[in-house]
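Visitor:
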């Protein structure tokens, strides 16, 4: 869900502080501009690749508390393209998507209203850094957003209190911050040409934990049936400079926002970054391979276990007919 709850969607530049031991990121790290301008249309250019991890996340949720229509919160809903899939899985659910980006929320508004299964879908502005559930949710879910919220694991106890007994917390965060798409961006920002304008712009203090650290944190808080895993998606991108186009929707947004108003400088930076990406991700005969590692977690709150075949639940069919279909490698569960 690539939204911007707490700062922006799923990618960031190099210099990311990966707190694999579960500790807080160090203080004093220079960060990107807090509220970049996001482009939902650019982000959705790779919608299939960005959506597949969400489908994989939902597939691990066995069910929700029965007896009534589920209430679901989507943290960092972005343009709402994956939020609507919650209504496919739980047709009668009352679903609310939360995000901080006005641009993303404007795009998401097109999906708001009654759902075909008798539920409802609406969107609100909120920040995950201090969002507290105002009501009991049967599912709190987040796709590719929490990495933009330093210390987001400290919100898990608050969300635990806001999930109904037997309900579920499920999230996915990217774990590819050491990839060239990120490291090259940071290195370019720190060159003499750009340091004065962009020094530190590709650095964020993010508390993206290791899978083991997420597991320990969730179990220690009392969550049950905790399932944490990671997957590296071997994505095949097509078209000219596809990795650059991917980052235009994510990692580049804060830099482009910082250079807003100086079209010549923005074009120069993008050109230099493009050349670096071409060398790091050469095009092959079938396209450009762009590996992307992601970390997943599904945890149930204490209470009556949810049935695996809830009448409100409908598993999504696997989608294999899209030209951007991906395959995963290196999966651990």
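In the numbering used here, the protein residues as written are 221 to 553.
In this text, a Cβ means the ideal position worked out from N, Cα and C, and glycines have one as well.
This structure is a prediction, so every number in the text was calculated from the model and none was measured.
1) Among 519, 369, 461, which residue has its Cα nearest to the Cα of residue 508?
2) Does residue 430 come out as helix, strand or coil in the three-state DSSP assignment?
3) Does DSSP put residue 507 in a helix, a strand or coil?
4) Whose C-beta lies closer than 8 Å to the C-beta of residue 175 among residues of the same chain, with five residues either side of it excluded?
5) What residue range is occupied by the uninterrupted beta strand (DSSP E) comprising residue 394?
6) In the DSSP output, what is residue 318 paired with across the bridge?
7) Should residue 411 be labelled buried (16 or more other beta-carbon atoms within 10 Å of its own) or exposed?
8) For residue 450, count neighbouring Cβ atoms within 10 angstroms of its own Cβ and tell me buried if that reaches 16, exposed if not.
9) Which residues in the same chain as residue 362 place their Cβ atom closer than 6 Å to its Cβ, once the five residues preceding and following it in sequence are excluded?
10) Quick one: what's residue 360 bridged to in DSSP?
11) I need the straight-line Cα distance from residue 487 to residue 404, nearest angstrom please.
12) Going by beta carbon distance, what residues of the same chain come within less than 6 Å of residue 366, once the five residues before and after it are set aside?
13) Cα separation between residue 328 and residue 315?
14) Using the Cα positions of residue 310 and residue 355, report the straight-line distance between them to the nearest angstrom.
Guide: Reading from the atomic positions:
1) To locate residue 508, count along the chain shown from 1; it is residue 288. Ranked by how close their Cα comes to the Cα of residue 508, the residues 519, 369, 461 have 461 in first place.
2) Position 210 of the chain shown, counting from 1, holds the residue named residue 430. Looking at residue 430 - three-state DSSP - the assignment turns out to be coil, as it is neither helix nor strand.
3) The residue given as residue 507 occupies position 287 in the chain shown. Note: residue 507 maps to strand in three-state DSSP.
4) As displayed, the chain neither begins before 221 nor continues past 553, which places residue 175 out of reach and without an answer.
5) Taking the first residue of the chain shown as 1, we reach residue 394 at position 174. Annotation: the continuous beta strand (DSSP E) that includes residue 394 extends over 383 to 394.
6) The residue given as residue 318 occupies position 98 in the chain shown. Answer is 295, 344, bridged to residue 318.
7) The count along the chain shown starts at 1 and reaches residue 411 at position 191. Looking at its Cβ environment, which holds fewer than 16 other Cβ atoms inside 10 Å, residue 411 is exposed.
8) As a first step, residue 450 is located in the chain shown; it is residue number 230 there, counting from the start. Buried is the call here.
9) Walking along the chain shown from the start, residue 362 turns up at place 142. Cβ neighbours of residue 362 beyond the five flanking positions: 295, 296, 391.
10) Start at 1 with the first residue of the chain shown, and residue 360 comes out as number 140. Partner(s): 293, 389.
11) Walking along the chain shown from the start, residue 487 turns up at place 267. Walking along the chain shown from the start, residue 404 turns up at place 184. Between residue 487 and residue 404, the C-alpha separation is close to 17 Å.
12) Residue mapping note: residue 366 aligns to position 146 of the chain shown, counting from 1. If we look at residue 366 and ignore the five residues flanking it on each side, its Cβ neighbours are 372, 391, 393.
13) As a working mapping, residue 328 is identified with position 108 in the chain shown. As a working mapping, residue 315 is identified with position 95 in the chain shown. Approximately 13 Å, taken between the alpha carbons.
14) For the purposes of this step, residue 310 is identified with residue 90 of the chain shown, where counting begins at 1. For the purposes of this step, residue 355 is identified with residue 135 of the chain shown, where counting begins at 1. Cα to Cα, the separation comes out at about 19 Å.
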